[in-house]
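The letter at position 13 of the sequence shown is residue 13 when you use UniProt numbering, and the numbering goes up by one with no holes.
C-beta: ideal position from N, C-alpha, C; glycine also.
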Amino acid sequence: MGGGVSNHDQNGNSAWGTYNASSLPYYAGSGFSRGGSVPWGSISTGNSNPYTSAPRSGTTTRTYRFTLSECDIKPDGVVTSGAVCVNGQFPGPLISANYGDSISITVTNNLTDEGTSMHWHGFLQTNNNQNDGVPGVTQCPIAPGQSYTYNFKAELYGSSWYHTHYSAQYAGGAVGPIVIYRPYNSAYDVDVGPVMLMEWYRNNYKANVKGLMNPIAKGGPALPTANSNLINGKMRFDCSQTKLKCDTASYAAFNFTSGKNHRLRLMNIGSGAVQKFSIDNHVMQVISNDYMPI
């Protein structure tokens, strides 16, 4: 058993799951106010269908630059070597935009021996399949040392996530949240932001892929067994249950204000597990599912 884990050793440059993570605003950018002018004009959840009536006259482009690289991290206190970080952090940075905005993201592959791509989960990509990020289908993989720029429209609104679509890299950490701000369909005071749930495999993704490709022993598991379940990239493994070097990791932490209604953007960013989420002694109301308001 070791000592405590620094946030950098646990999650790289990420502030997710710490008290330094900021709550989210009502809109991306400035010049708007809740109850006043809004980026999407007169569109509301009551008079529109996001699948058919996305604003298309906006001139705002949200620009991001992502670099994928190998990293050694300790999400649960035990090191995983050869994980994949986005901009040196796990989970990756937030992509945010307003309904109808354009989004431009340049992805650079700093991995040593594999191609990569990035997929924007749930985006329609109308007449734009070359930006969907599926290697071998909509594009060639981004070679090591090369970059590719994705350009697409925020045609839907709500919460989702992005992930690599090459091999099992996203099971190794190349994931992050997406928030498209939108017309309101319910009242809340504070947007806590992404609450990302993910099973974690201590072997790096390459070892797990190799194991999956081997013949399955009679009666053996078809999938690798996860070691931990993470919230925003964090969990504390019981170090008494392993002979590996194990340090005391931090649980995910969130800022809540008594008496306020809080929005939680739950996301299953894992590769194989179904997640269930609850908060003791609290009743939660579902206000959106993927990109559809309820």
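Same chain, Cβ closer than 6 Å to residue i, neighbours up to 5 away in sequence not counted
| i | result |
| --- | --- |
| R62 | A97, D101, I103 |
| T45 | P183, N185, P293 |
| I269 | W161, V175, M196, M198 |
Distance CB(residue i)-CB(residue j) smaller than 8 Å
| i | j | result |
| --- | --- | --- |
| Q169 | Y201 | no |
| A83 | D72 | yes |
| G17 | N232 | yes |
| S167 | V107 | no |
| L156 | N109 | no |
| residue 295 | A21 | Here the chain comprises residues numbered 1 to 294, so residue 295 is not present and cannot be evaluated. |
| V195 | L264 | yes |
| N255 | S23 | yes |
| A249 | Y19 | no |
| Y64 | Y181 | no |
| P135 | H165 | yes |
Nearest-angstrom Cα separation, counted from residue j out to residue i
| i | j | result |
| --- | --- | --- |
| S42 | D189 | 22 Å |
| P39 | L223 | 45 Å |
| S258 | Y251 | 21 Å |
| T149 | V179 | 20 Å |
| T225 | E199 | 9 Å |
| G12 | R34 | 34 Å |
| I216 | G272 | 18 Å |
Residue i - DSSP class collapsed to helix/strand/coil
| i | result |
| --- | --- |
| C85 | strand |
| S240 | helix |
| H119 | strand |
| A97 | strand |
| N7 | helix |
| Y148 | strand |
| Y205 | helix |
| K260 | coil |
7 Å Cβ shell around residue i - same chain, five flanking residues per side excluded
| i | result |
| --- | --- |
| D290 | G122, G158, S160 |
| S14 | Q89, F90, P91, G233 |
| L244 | V78 |
For residue i, the nearest candidate out of the options (CA to CA)
| i | options | result |
| --- | --- | --- |
| G4 | V78, Y99, V195 | V78 |
| N151 | A143, T126, V175, A171 | T126 |
| G36 | Y99, P183, A154, F256 | P183 |
| S117 | G88, K245, A143 | A143 |
| V274 | H119, D132, N229 | N229 |
| R236 | E70, T164, K74 | K74 |
| I105 | G115, L94, S48 | L94 |
| P50 | A207, K245, G145, L124 | L124 |
| T80 | V86, N87, E70 | E70 |
| S278 | K210, Y26, V286 | V286 |
Proximal residues to residue i (C-beta, below 8 Å), its chain only, five neighbours per side dropped
| i | result |
| --- | --- |
| N227 | D76, V78, W200, Y201, R202, F237 |
| C140 | G115 |
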